[in-house]
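Okay, so here's the structure we're looking at.
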Amino acid sequence: MDIVREKPKSNSLYRWLIAIAAVGATLSALYVYGLSGPAGKTVDRELLRIATVQKGDFDIVVRAPGSLIPVDIRWLAAEVGGRVERVLLQPGAQVKTGDIIAVLSNPKLLQSLDDLQWDIEATEAQMRAELSTLESRVLDQQMAELNAKNLYESSSLTYAAQLKLKARSLSSISEIEFETIRMETEQRKQGWQIEQSRTANLQRNFQAQVEASKARLNKMIKQLARAKQQVAELTVRASIDSVVQDVAIELGQLIQAGGNIAVLVKQDSLLARIEVPEYQVHNVALGQEVIIDTRKTKNRGIVERVSPSVIEGTVEVDVRFVEGLPAEARPDLTVDAEIMVASMENTLYVERPAFSQINQQMRLFKLEDNGNRARKTLIEFGKGSASKIEIKSGINAGDRIIVSDQADFDKYSILALSN
Numbered sequence: 014m015d016i017v018r019e020k021p022k023s024n025s026l027y028r029w030l031i032a033i034a035a036v037g038a039t040l041s042a043l044y045v046y047g048l049s050g051p052a053g054k055t056v057d058r059e060l061l062r063i064a065t066v067q068k069g070d071f072d073i074v075v076r077a078p079g080s081l082i083p084v085d086i087r088w089l090a091a092e093v094g095g096r097v098e099r100v101l102l103q104p105g106a107q108v109k110t111g112d113i114i115a116v117l118s119n120p121k122l123l124q125s126l127d128d129l130q131w132d133i134e135a136t137e138a139q140m141r142a143e144l145s146t147l148e149s150r151v152l153d154q155q156m157a158e159l160n161a162k163n164l165y166e167s168s169s170l171t172y173a174a175q176l177k178l179k180a181r182s183l184s185s186i187s188e189i190e191f192e193t194i195r196m197e198t199e200q201r202k203q204g205w206q207i208e209q210s211r212t213a214n215l216q217r218n219f220q221a222q223v224e225a226s227k228a229r230l231n232k233m234i235k236q237l238a239r240a241k242q243q244v245a246e247l248t249v250r251a252s253i254d255s256v257v258q259d260v261a262i263e264l265g266q267l268i269q270a271g272g273n274i275a276v277l278v279k280q281d282s283l284l285a286r287i288e289v290p291e292y293q294v295h296n297v298a299l300g301q302e303v304i305i306d307t308r309k310t311k312n313r314g315i316v317e318r319v320s321p322s323v324i325e326g327t328v329e330v331d332v333r334f335v336e337g338l339p340a341e342a343r344p345d346l347t348v349d350a351e352i353m354v355a356s357m358e359n360t361l362y363v364e365r366p367a368f369s370q371i372n373q374q375m376r377l378f379k380l381e382d383n384g385n386r387a388r389k390t391l392i393e394f395g396k397g398s399a400s401k402i403e404i405k406s407g408i409n410a411g412d413r414i415i416v417s418d419q420a421d422f423d424k425y426s427i428l429a430l431s432n
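Numbers in our numbering are just positions in the sequence shown, counted from 1, shifted up by 13.
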């Protein structure tokens, strides 16, 4: 008869051990793949910048460079053309109103001045001669008028006497002689009236000639005054108490009327022009407080103007000093500015991650408690400055996140951090 033989139990235990080992190897492989495959990557901790989320007060500050610029700028231009004969002052010199900056020469202007002076003297002599002639003519006419008057009055007396005698029938002259006396008297009256008109016309003509001569002379006098002024303008003088910022001429240079000679700026009238990056300027507004650092002193200021245009990625912001200019203030002095945009109280914030945007969401790696792994987390940002940014949601105070550039491992969702 057949005898049934039992198999050893040790073989069954051995098979179970092999199965457990296989499962463990598979899980280990999956774990390693999960860290180094599409779901994860191992990164050297020393290559990362890690920041801790904090809660408290922080100021939102926009930092930007700039320089001091003059508010009151005066260009000195040549009023007349000429050749530069002397340059007495150079940039940086302090000047008072009327101080000489440069001297030009123009022989034609000097010759024109001399010619006008001679012309005026000749015109005055000619006027005196013409007026003397006119005065003689007026006197002659007045004498002719007087003679005509005397003749009329004499004839009028004779006519009146004969008229009385005739009325009494005592006249000794004929009717023809009487009419002759009457007509002669009438003619002499008309002759006197004509001479009166001639005298009046001659006097008006005399006055017109005088006024015309005066007008001609006055015109020449004004031309002479203008010529003298032009000669005086060959000496270029400072128009205000100021500092010479630039001199645009050289010795021997021929300059035309209207050509630039120098730039004057008022030393006590400067403002800070700050070049704010365009991505930060939306936080800047008129009236915000500013700290202006001249690298020697820090001074308070107020935002006075924000340019409406962007130039090469920056926006000009003008800042006015509120406590007077510092002693070291000079035009074109380089400064740094901190514009106080806002003050946040009891707020979650963190060091600003690379490429983060205010009021936007961004996926960043948050470290797990043990600090050996980091998992990508959606974070919502609020307001921010150049160095800090507000946290609205996604992480809490004390959490640690990677804030350095994550472009090399952005496609992964988990990172293993190695020491």
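Cβ atoms here follow ideal geometry from the backbone N, Cα and C, with glycine treated the same way.
Tell me which same chain residues have a C-beta within less than 7 Å of the C-beta of residue i, skipping the five on either side of it?
i       : result
Gln-216 : Val-151
Asp-246 : First, the residue type needs correcting, since residue 246 is Glu and not Asp in the sequence shown. So the qualifying residues of the chain are Glu-92 and Val-93.
Leu-428 : Gly-53, Lys-54, Val-56, Phe-378, Arg-386, Ala-387 and Phe-422
Leu-147 : Phe-219 and Gln-222
Glu-329 : Arg-286, Glu-288 and Ser-320
Apart from the five residues just before and just after residue i, which ones in its own chain have a Cβ nearer than 8 Å to its Cβ?
i       : result
Arg-313 : Glu-302, Val-303, Ile-304, Ile-305, Phe-334, Val-335 and Glu-336
Thr-171 : Ile-194 and Thr-198
Leu-264 : Val-97, Glu-98, Arg-99 and Val-100
Val-249 : Leu-89, Ala-91, Ile-113, Ile-114, Ala-115, Val-116, Leu-117, Ile-274 and Ala-275
Look at the alpha carbon of residue i and the alpha carbon of residue j, and state the distance between them as a whole number of angstroms.
i       : j       : result
Glu-158 : Gln-206 : 8 Å
Ala-342 : Leu-283 : 8 Å
Tyr-46  : Tyr-425 : Only weak support is given to the placement of Tyr-46: the predicted model assigns it a pLDDT of 43, under 50, and the value that follows is read from those uncertain coordinates. Approximately 12 Å between the Cα atoms of the pair.
Ala-77  : Val-348 : 9 Å
Gln-419 : Phe-378 : 9 Å
Asp-281 : Leu-338 : 7 Å
Arg-58  : Leu-380 : 11 Å
Asn-163 : Ala-174 : 17 Å
Ser-169 : Glu-192 : 13 Å
Arg-87  : Leu-230 : 37 Å
Leu-430 : Ile-82  : 51 Å
Ile-404 : Gln-373 : 10 Å
Arg-201 : Ala-213 : 18 Å
Ile-268 : Asn-119 : 10 Å
Lys-433 : Arg-318 : With the chain running from 14 to 432 in the structure shown, residue 433 is simply not present.
Glu-224 : Met-233 : 14 Å
Ile-402 : Met-375 : 12 Å
Gly-326 : Val-84  : 24 Å
To which residues does DSSP link residue i through a beta bridge?
i       : result
Leu-108 : The residue asked about is misnamed: residue 108 is Val in this sequence, not Leu. Beta-bridge pairing links Val-108 to Ser-255.
Phe-394 : Ile-404
Tyr-362 : Gln-67 and Glu-403
Trp-88  : Val-276
Arg-286 : Ser-80 and Asp-331
Ala-115 : Val-100 and Val-249
Does the beta-carbon of residue i have 16 or more other beta-carbons within 10 angstroms, so that it is buried, or is it exposed?
i       : result
Gly-79  : buried
Ala-285 : buried
Tyr-292 : exposed
Phe-422 : buried
Ala-42  : Because the pLDDT of Ala-42 is 44, which lies under 50, any placement of that residue in the model is unreliable, and the number read from its coordinates should be weighed accordingly. By the neighbour-count rule (16 or more Cβ atoms within 10 Å), Ala-42 is not buried but exposed.
Gly-50  : Because Gly-50 sits at a pLDDT of 44, beneath the cut-off of 50, its placement in the model cannot be relied upon, and the following sentence gives the value as read from the coordinates. Looking at its Cβ environment, which holds fewer than 16 other Cβ atoms inside 10 Å, Gly-50 is exposed.
Asp-331 : buried
Pro-344 : buried
Met-357 : buried
Phe-368 : exposed
Ala-340 : exposed
Thr-310 : exposed
Ile-186 : exposed
Looking only at its chain, what residues have a beta carbon closer than 6 Å to the beta carbon of residue i, apart from the 5 residues adjacent to it on each side?
i       : result
Val-323 : Glu-291
Phe-71  : Met-357, Tyr-362 and Lys-401
Contact the segment 361-373 vs the segment 403-419: 3+ CB pairs below 8 Å: yes
Touch test, the segment 135-144 against the segment 290-302, Cβ-Cβ under 8 Å, three pairs minimum: no
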